[in-house]
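Asker: In my numbering, the protein residues as written are 412 to 492.
For every residue, glycine included, the Cβ atom is placed at its ideal position computed from N, Cα and C.
Here it is, the structure, as structure tokens.
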Amino acid sequence: MLERLEGAMASGQRVTGADAIFYTHEAAEATMMGRGLSYDAAHAASLEKYGVSPFSVYHPDVIRSMPEHFNSNWYKFWGIK
């Protein structure tokens, strides 16, 4: 995911979709954890803050490249065959 963000930044592309969701989610989560929330609480709160599904945080390309980390729910969410 970081490679995707770095690539977009290096080429001047706008970060959108799952990449933007990943970035805002991780930034909010880190801020909340820095203020003393546990990982689980910060993770849930950052999803709620932006009103996103936990399945939306990772781009389909990431899911395809690391299938051992994602179950069928991720594939269903993104319509990945």
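Where do the ends of the alpha helix (DSSP H) carrying Met-420 lie?
Answerer: Taken as a continuous stretch (DSSP letters only), the alpha helix (DSSP H) holding Met-420 covers 413–422.
Asker: The alpha helix (DSSP H) with Met-443 in it runs from where to where?
Answerer: Counting along the chain, the alpha helix (DSSP H) containing Met-443 begins and ends at 428–445.
Asker: Is it right to say Tyr-450 is buried, meaning 16 or more other beta carbons lie within 10 angstroms of its own, or is it exposed?
Answerer: Answer is exposed; the Cβ neighbour count stays below 16.
Asker: What number of angstroms, rounded off, separates the C-alpha of Met-420 from the C-alpha of Thr-427?
Answerer: Rounded to the nearest angstrom, the two C-alpha atoms are 12 Å apart.
Asker: Here's a check: name, in chain order, each residue in its chain whose Cβ is nearer than 8 Å to the Cβ of His-470, leaving out the five neighbours to either side.
Answerer: Closer than 8 Å at the Cβ level, and outside the excluded window around His-470, lie Met-412, Arg-415, Gly-428, Ala-429, Asp-430 and Phe-433.
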